[in-house]
Amino acid sequence: MSSSVIDLFNYHRHPTTAVKVGSIGIGGENPIRLQSMTTTSTDDTAGSVAQAERIIKAGGELVRLTTQGSREAENLKNISAAIRADGFSTPLVADVHFNPHVADVAAQYAEKVRINPGNYVDPARKFIKQEYTDEEYAQELKKIEDRLVPFLNICKEHHTAIRIGVNHGSLSDRIRNRYGDTPEGIVESCMEFLRICKKERFDDVVISIKASNTVVMVLSVRLLIVRMEEEDMHYPIHLGVTEAGEGEDGRVKSCVGIGALLADGIGDTVRVSLSEDPEAEIPVARHLVDYIGRKAGHMYVPGVECPQFNWLKPQRRPTTAVGDIGGNHAPVVITSNEGDKSDYIYIGGDQSKLSDTGKRYIVDYNVYAEMQENGGAPANVFPIFPVTAMPLVGALKATLKFLVLQFGTPAEEYLACLKAHPEVVVVCVSNHQNRLGCQRALVHEMMNAGVKNPVVFAQMYQLSDKEEFQLRAAADRGALMIDGLTDGIWLLNDGNISPDEIEQTAFNILQAARLRVSKTEYISCPGCGRTLYELRSTIARIKEATKDMKGLKIGIMGCIVNGPGEMADADYGYVGAGVNRVSLYRGQVCVEKNIPQEVAVEHLLALIKSDRESK
Numbered sequence: 038m039s040s041s042v043i044d045l046f047n048y049h050r051h052p053t054t055a056v057k058v059g060s061i062g063i064g065g066e067n068p069i070r071l072q073s074m075t076t077t078s079t080d081d082t083a084g085s086v087a088q089a090e091r092i093i094k095a096g097g098e099l100v101r102l103t104t105q106g107s108r109e110a111e112n113l114k115n116i117s118a119a120i121r122a123d124g125f126s127t128p129l130v131a132d133v134h135f136n137p138h139v140a141d142v143a144a145q146y147a148e149k150v151r152i153n154p155g156n157y158v159d160p161a162r163k164f165i166k167q168e169y170t171d172e173e174y175a176q177e178l179k180k181i182e183d184r185l186v187p188f189l190n191i192c193k194e195h196h197t198a199i200r201i202g203v204n205h206g207s208l209s210d211r212i213r214n215r216y217g218d219t220p221e222g223i224v225e226s227c228m229e230f231l232r233i234c235k236k237e238r239f240d241d242v243v244i245s246i247k248a249s250n251t252v253v254m255v256l257s258v259r260l261l262i263v264r265m266e267e268e269d270m271h272y273p274i275h276l277g278v279t280e281a282g283e284g285e286d287g288r289v290k291s292c293v294g295i296g297a298l299l300a301d302g303i304g305d306t307v308r309v310s311l312s313e314d315p316e317a318e319i320p321v322a323r324h325l326v327d328y329i330g331r332k333a334g335h336m337y338v339p340g341v342e343c344p345q346f347n348w349l350k351p352q353r354r355p356t357t358a359v360g361d362i363g364g365n366h367a368p369v370v371i372t373s374n375e376g377d378k379s380d381y382i383y384i385g386g387d388q389s390k391l392s393d394t395g396k397r398y399i400v401d402y403n404v405y406a407e408m409q410e411n412g413g414a415p416a417n418v419f420p421i422f423p424v425t426a427m428p429l430v431g432a433l434k435a436t437l438k439f440l441v442l443q444f445g446t447p448a449e450e451y452l453a454c455l456k457a458h459p460e461v462v463v464v465c466v467s468n469h470q471n472r473l474g475c476q477r478a479l480v481h482e483m484m485n486a487g488v489k490n491p492v493v494f495a496q497m498y499q500l501s502d503k504e505e506f507q508l509r510a511a512a513d514r515g516a517l518m519i520d521g522l523t524d525g526i527w528l529l530n531d532g533n534i535s536p537d538e539i540e541q542t543a544f545n546i547l548q549a550a551r552l553r554v555s556k557t558e559y560i561s562c563p564g565c566g567r568t569l570y571e572l573r574s575t576i577a578r579i580k581e582a583t584k585d586m587k588g589l590k591i592g593i594m595g596c597i598v599n600g601p602g603e604m605a606d607a608d609y610g611y612v613g614a615g616v617n618r619v620s621l622y623r624g625q626v627c628v629e630k631n632i633p634q635e636v637a638v639e640h641l642l643a644l645i646k647s648d649r650e651s652k
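As structure tokens, then:
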């Protein structure tokens, strides 16, 4: 299926209708809006006001607050009044789960109300199997309509916008039973509510589809915009990766997922969810949005989409493996000059760096030729050719060769070379304003020609700030990885960032896209007023105790709202069950309930140890 709703090769903002949310507009010609969410109790007026204003001063354009009950929803009035008295007009968003009545109350005091289709009318998830006849299913949809319409009428009366916020982790049992735990189910959960909004001519709607799994999140949003186009809907879209975590892992993961969509012009508002102070989320979102926005107005890229490419359900591009690159192998990491974990190290012409026979090196083709003339090149050394040296590819004897290419290279020449030399791995580079478009265009040109050489994406940066480097590198790679085009990545930097940090960033990016596991992964929520225990210190304790458990995924959730569902691919879960009480999960199955928080981490570690010893 072609990507009919976007241009794979040329950046344009995906058109959406404009929605008024208090003093600002979202969607349409409005700039991409940034937002965050308080972690304070919404009963705590002073604390919530102080934190909201820190978010605003950091550049947040919307502030979301949890509203567990009517008391919290009503206190939005006091919080709003205090913020307005301090001179801020920033819209407030009420976050509602499980209790539709709370949404009715919140709509009177907040500029926008977020409701979650998975728990607005449907009962709490029990992950049970239940079959519905078509008639029974229609009755369930009628229940939703009967409850949603009065809420929409209240919103009309008070000029309140809504966000239909679907989380992968909180799909209802009804949706899961009919559609499975799939992007199709996630999207249908949203569309059920959108159809009612359209029927009622309620247009002040923003949509979000979020997941901790970046692949699920990106593919669900792609499918959503196609479904909306089919039904003549053009609502603005909020982007976010839930439970991304903290530190560089949380930033990289967020930039892979959000960046993949922004790069295709999708997204009207953004939240980067980090297990940190909420105001720390804003600069990350700001940098990401501004960086992707630089693509606007670029020189046209005349790419031709391969008919076999499916943007909605991309499969890994079929390639003929060259050694451990391509085929069914996990994408490789190439670094320059150093790399303890890298699969290949480029050393140019500096043969003094050929110090470790256990590592594999890439050298300039002329250096490799000299080695051949002087008795032969070592088996762990491979040549790389610039495009100007392409006629010499056949002259050197090597089981693996690298050829640097960019879109615009005469296709007849390079395609003939690749067809004649299946041992060549393409190193795809671009200096174009829209690098993604050019890199996609080259690979699609290869696919259209039936060429199956593996492709490594390389990019040079000139940065000295590690966080900035991580954000840009992750954003640049996101769509290429989701599209299934990536057989390897090579990050280069001309700046003051250590080789170890560059190497680790590459591995982090691959793990964030679910392409290669190199360390323990933590799926941790950012916390909010629903959090039932001290979140950040707990995350730190769990991370320290499990950091060497490679390949393990651990979910750390402040409450049950997304809990087990958001941990769909986690091995273990640590979920708030009550005040300072925790339940432990193996996958989505609860194995220990209501453990006192002070001993819960030890219980988690004991569970992991017991499972490992029994294998």
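Take 38 as the starting number for the sequence shown in this note's numbering and just add one per residue. We put the beta carbon where it would ideally sit given N, CA and C, even for glycine.
- Serine 291 and alanine 281 have their C-alpha atoms roughly 6 Å apart.
- Restricting attention to Arg151, Val86, Val139 and Lys556, the CA atom closest to the CA of serine 126 is found in Val86.
- DSSP places alanine 300 outside both helix and strand once states are collapsed to three, so it counts as coil.
- Runs of beta strand (DSSP E) with 3 or more residues, each lying fully within the stretch 191-219, are found at 198-204, listed in chain order.
- Taking C-beta atoms as the reference points, valine 418 and valine 441 fail to come closer than 9 Å.
- Per DSSP, the continuous alpha helix (DSSP H) segment holding lysine 114 begins and ends at 107-122.
- Taking C-beta atoms as the reference points, leucine 256 and leucine 349 count as a pair closer than 9 Å.
- Taking C-beta atoms as the reference points, aspartate 513 and glutamine 496 count as a pair closer than 9 Å.
- Under DSSP, phenylalanine 422 takes part in a beta bridge, and its partners are Leu440.
- Proximity to glutamine 345 across Ile43, His481, Thr82 and Leu641 peaks at His481, based on C-alpha coordinates.
- DSSP places glycine 294 in the helix class (H, G or I) of the three-state scheme.
- Checking the DSSP bridge columns, you'll see tryptophan 527 partnered with Ile371 and Ala495.
- Ranked by Cα distance from serine 310, the options Ile262, Val359, Ala248 and Thr357 are led by Ala248.
- Selection Ile597, Arg259 and Tyr559 evaluated against alanine 582 yields Tyr559 as nearest (Cα-Cα).
- When the Cα atoms are used, alanine 577 and asparagine 374 turn out to be separated by approximately 33 Å.
- Relative to threonine 575, the option among Gln541, Tyr611 and Asn471 whose CA is nearest is Tyr611.
- Across the structure, proline 423 and valine 293 are spaced so that their CA atoms are roughly 29 Å apart.
- The beta carbon of leucine 644 lies closer than 8 Å to those of Tyr609, Leu621, Arg623, Val628 and Glu629 in the same chain, with the five residues before and after it left out.
- Bounds of the beta strand (DSSP E) holding serine 245 are 242-247.
- For asparagine 112, the CB contacts under 7 Å within the same chain, skipping 5 residues up- and downstream, are Thr79, Asp80 and Thr82 in chain order.
- Nearest to glutamate 639 by alpha-carbon distance, out of Val619, Glu650 and Ala144, is Val619.
- For histidine 640, the enclosing alpha helix (DSSP H) covers residues 634-651.
- A direct Cα-to-Cα measurement between aspartate 520 and leucine 642 gives close to 37 Å.
- In terms of Cα proximity to alanine 435, the closest of Tyr405, Thr53 and Thr557 is Tyr405.
- Take the alpha-carbon of glutamate 571 and the one of glycine 287: they are about 19 Å apart.
- As DSSP reads the structure, leucine 102 sits in a beta bridge with Ala131.
- Of the candidates Ala317, Leu129 and Arg108, the residue whose Cα lies closest to the Cα of histidine 138 is Arg108.
- Three or more Cβ pairs closer than 8 Å define a contact, and the stretch 446-458 falls short of that threshold against the stretch 468-477.
- CA-CA distance, alanine 516 to threonine 425, rounds to 29 Å.
- Between the stretch 59-79 and the stretch 93-108, the count of Cβ pairs shorter than 8 Å is three or higher; the stretches touch.
- In this structure, the alpha-carbon of arginine 259 lies about 27 Å from that of glutamine 443.
- Scanning Ser651, Asn47, Ser647 and Lys646 for the CA closest to the CA of glycine 334 turns up Asn47.
- By the neighbour-count definition (other C-beta atoms within 10 Å, threshold 16), valine 626 is an exposed residue.
- In this structure serine 245 touches glycine 277 by the C-beta definition: roughly 6 Å separates them, less than 8 Å.
- The closest CA to that of glycine 532, considering only Glu538, Tyr402, Ile546 and Leu500, is found on Leu500.
- Ranked by Cα distance from glutamate 66, the first of Gly202, Gly302 and Asp218 is Gly302.
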